[in-house]
Amino acid sequence: MYRAFSKPEKAAMYWKETFRQAAGIGVGSLPIIALVSTFIGAVSAVQFAYQFSSLNLVPMWWIGSVVRKAMILELAPTISALLLAGKVGSNIASELGTMRISEQIDAYEIMGVNTPAYLVGPKIAAAIFVVPMLVIIAVFLGILGGWGAGVGGHFYTTAEYFKGVTDGFKSYDVVVMMVKSLLFGFIISSVSCYYGFTVTGGAVEIGESSTKAVVYSSIVVVIVNFVVAFLLL
Amino acid sequence: MIEIKNIKKSFGGTPVLKGVSATFEAGKCNLIIGKSGSGKTVTLKCMVGLLEPDEGYILFDGRNITEMAFTERKEVRKEIGMLFQGTALFDSLSVEENIKFPLDMFTKMSVEEKKERVNFCLERVNLPNTNKKYPGELSGGMKKRVGIARAIVMNPKYLFCDEPNSGLDPKTSIVIDELIKEITEEYNITTVVNTHDMNSVMGIGDKVVFLHQGLKYWEGTHKEILKITDGELFDFIFASDFLKDLRLRAHFDDK
Numbered sequence: 006m007y008r009a010f011s012k013p014e015k016a017a018m019y020w021k022e023t024f025r026q027a028a029g030i031g032v033g034s035l036p037i038i039a040l041v042s043t044f045i046g047a048v049s050a051v052q053f054a055y056q057f058s059s060l061n062l063v064p065m066w067w068i069g070s071v072v073r074k075a076m077i078l079e080l081a082p083t084i085s086a087l088l089l090a091g092k093v094g095s096n097i098a099s100e101l102g103t104m105r106i107s108e109q110i111d112a113y114e115i116m117g118v119n120t121p122a123y124l125v126g127p128k129i130a131a132a133i134f135v136v137p138m139l140v141i142i143a144v145f146l147g148i149l150g151g152w153g154a155g156v157g158g159h160f161y162t163t164a165e166y167f168k169g170v171t172d173g174f175k176s177y178d179v180v181v182m183m184v185k186s187l188l189f190g191f192i193i194s195s196v197s198c199y200y201g202f203t204v205t206g207g208a209v210e211i212g213e214s215s216t217k218a219v220v221y222s223s224i225v226v227v228i229v230n231f232v233v234a235f236l237l238l
Numbered sequence: 005m006i007e008i009k010n011i012k013k014s015f016g017g018t019p020v021l022k023g024v025s026a027t028f029e030a031g032k033c034n035l036i037i038g039k040s041g042s043g044k045t046v047t048l049k050c051m052v053g054l055l056e057p058d059e060g061y062i063l064f065d066g067r068n069i070t071e072m073a074f075t076e077r078k079e080v081r082k083e084i085g086m087l088f089q090g091t092a093l094f095d096s097l098s099v100e101e102n103i104k105f106p107l108d109m110f111t112k113m114s115v116e117e118k119k120e121r122v123n124f125c126l127e128r129v130n131l132p133n134t135n136k137k138y139p140g141e142l143s144g145g146m147k148k149r150v151g152i153a154r155a156i157v158m159n160p161k162y163l164f165c166d167e168p169n170s171g172l173d174p175k176t177s178i179v180i181d182e183l184i185k186e187i188t189e190e191y192n193i194t195t196v197v198n199t200h201d202m203n204s205v206m207g208i209g210d211k212v213v214f215l216h217q218g219l220k221y222w223e224g225t226h227k228e229i230l231k232i233t234d235g236e237l238f239d240f241i242f243a244s245d246f247l248k249d250l251r252l253r254a255h256f257d258d259k
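Okay, structure coming up:
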């Protein structure tokens with residue numbers, strides 16, 4: 006890990022690699038994040054509408070407020086992180102694992118490249134940079150999903166919903182979301198890099214390391230999610 | 005010149021190298037030969053620093069790399085080119101990008117200079133106009149040649165080749181061997197080739213080191229190797245009945 010953050014041989018090459026990784030993580034994950042967050046927002050709105058209507062005690066425009074709060078504080082960062090652990094985590098672990106088995110990492114070493122810095126550093130930097138952006142997009146799409154489902158189901162009007170979305174907004178919630186996103190980006194990339202980089206054996210071991218990367222990233226994400234919520238809320 | 009002194013290496017308590025010492029001459033094609041499991045690859049990996057020996061040391065023209073810190077060792081590594089057994093070309097990069105990578109990372113050459121150097125190396129290994137191809141589009145022999153081009157792009161002082169003929173047909177093997185030999189002589193490189201191919205031994209081996217069960221069993225030239233009449237080296241060289249028969253016939257013809 007120490008060597009992953011040591012001085013780069015040539016900064017331009019590291020920047021190039023970081024942007025390449027960021028594009029891979031960001032563009033590659035955007036469709037799945039967009040799809041899932043939209044439906045998560047939609048289903049949250051429907052569920053809250055079902056419960057609120059049975060209680061008959063709270064106004065329906067509160068749903069906008071609840072969906073916004075749930076998306077920002079919990080659903081967008083955590084669901085996105087779990088999705089990314091599956092998609093990006095397995096991708097990173099299998100890519101590095103294949104490079105290790107096929108001696109490509111050794112080839113970099115022989116050239117004099119600091120392999121943890123060049124192969125791991127840009128992936129972690131890219132994930133820390135991209136995951137928060139994906140989470141922000143997930144929040145907006147989740148809120149839009151809630152609007153679409155609620156208006157389509159005639160639970161509330163557009164004006165009522167967005168009254169709820171803007172009512173009682175706290176910027177501190179966004180700070181908590183960003184803290185979670187940054188930590189999740191670091192966890193997913195570093196855990197996956199560790200399992201990919203340390204593979205020994207062959208194809209079976211690459212598969213195992215890929216699975217471990219997803220499972221352990223997901224476990225660490227949910228634990229850290231609780232710790233952050235406990236400490237910051 | 006590269007010297008290895010009393011190199012020992014174990015894996016999980018199993019000794020693989022039990023104290024190997026040898027000298028690899030400057031500007032020559034030095035071969036490490038031996039049966040599978042004799043410790044050839046481990047020796048080579050210890051020499052280039054991919055594995056740390058448990059004991060002993062390795063000198064590159066008097067510089068002890070086993071005692072060097074990572075940053076010092078990086079400087080020596082820039083003088084090393086290596087052809088891997090499976091070529092280890094970067095899958096996601098084109099042939100040109102593969103060869104250009106060390107130039108991008110370690111030099112301040114202009115785009116034109118780098119392109120010129122890449123084309124020169126590709127022409128040297130008889131692979132012109134393959135710049136835009138990807139490793140997946142190349143045959144085994146072509147991959148080996150790209151591997152050699154990448155290994156020589158930084159004008160190395162030392163060239164290491166791990167089983168350069170593995171997976172190649174006999175004719176392509178000879179082409180690769182000849183290329184290694186030519187490059188060694190042309191650029192006065194200290195080359196160490198790890199092989200169990202007897203054609204390579206006879207064709208390019210200026211100096212031969214035979215490893216057996218983790219120890220250096222024999223050291224000499226490829227001409228001397230033919231005078232061996234018994235022992236492990238004899239069994240290794242004349243492993244097939246066909247070769248033994250051929251040798252016997254040659255022996256009687258001489259008489």
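Chains as they are written, first to last, in my numbering: chain A, 6 to 238; chain B, 5 to 259.
Every residue, glycine too, gets a C-beta built ideally from N, C-alpha and C.
- For the pair of segments examined, the region 207-217 of chain A was found not to touch the region 166-184 of chain A: the number of CB pairs separated by less than 8 Å stays below three.
- Distance from Phe57(A) to Val51(A) at the Cβ level is roughly 11 Å; contact not present, criterion being Cβ atoms closer than 8 Å.
- Within its own chain, the residues whose Cβ lies closer than 6 Å to the Cβ of Val144(A), once the five positions on either side in sequence are excluded, are Met76, Ile77 and Ala81, listed in chain order.
- Only exposed fits Ala17(A), as fewer than 16 other CB atoms lie within 10 angstroms of its CB.
- Sixteen is the threshold: since fewer than 16 other Cβ atoms of the shown chains lie within 10 Å of the Cβ of Trp20(A), the residue is exposed.
- Runs of the alpha helix (DSSP H) spanning 4 or more residues and lying entirely within the region 64-133 of chain B occur at 74-81, 99-110 and 115-128, in chain order.
- Going by C-alpha positions, Leu21(B) is about 8 Å away from Gln217(B).
- If you draw a straight line from the Cα of Asp95(B) to the Cα of Ile110(A), it comes to about 12 Å.
- In the DSSP secondary-structure assignment, Cys165(B) is bridged to Leu87(B) and Val197(B).
- Under the 8 Å criterion on CB atoms, Phe15(B) is classed as non-interfacial with respect to chain A.
- Under the three-state reduction of DSSP output, Glu14(A) falls in the coil class, being neither helix nor strand.
- Neighbours of Pro57(B) in chain A, taken as residues whose beta carbon is under 7 Å from its own, are absent, since the nearest beta carbon is some 16 Å off.
- In the assembly as shown, Ile224(A) is an exposed residue. Its beta-carbon has fewer than 16 other beta-carbons within 10 Å.
- Listed along chain A, the residues sitting closer than 8 Å to Leu54(B) by beta-carbon distance are Asp111, Glu114 and Ile115.
- Shown here, His216(B) sits in a strand according to DSSP, grouped into three states.
- In the three-state reduction of the DSSP assignment, Asn34(B) falls in the strand class, which pools E and B.
- In the DSSP annotation of this structure, the continuous segment of the beta strand (DSSP E) that includes Glu7(B) starts and ends at Ile6 to Phe15.
- In the DSSP assignment, Leu21(B) forms a beta bridge with Lys13(B).
- Using a C-beta cut-off of 8 Å, the region 72-92 of chain B makes contact with the region 149-162 of chain B, since at least three inter-stretch Cβ pairs fall below that distance.
- Within the region 166-207 of chain A, there are no complete beta strand (DSSP E) runs of at least 3 residues.
- In chain order, Met109 make up the part of chain B whose C-beta sits under 8 Å from the C-beta of Val118(A).
- By the beta-carbon neighbour count (other beta carbons within 10 angstroms, threshold 16), Thr83(A) is buried.
- For Leu126(B), the number of other beta carbons within 10 angstroms of its own is at least 16, and it is reported as buried.
- For Pro106(B), the nearest CB of chain A lies under 8 Å from its own CB, placing it at the interface with that chain.
- Taking a contact as a CB-CB distance under 8 Å, the pair Leu48(B) and Ser204(B) does not count as one, their CB atoms being some 14 Å apart.
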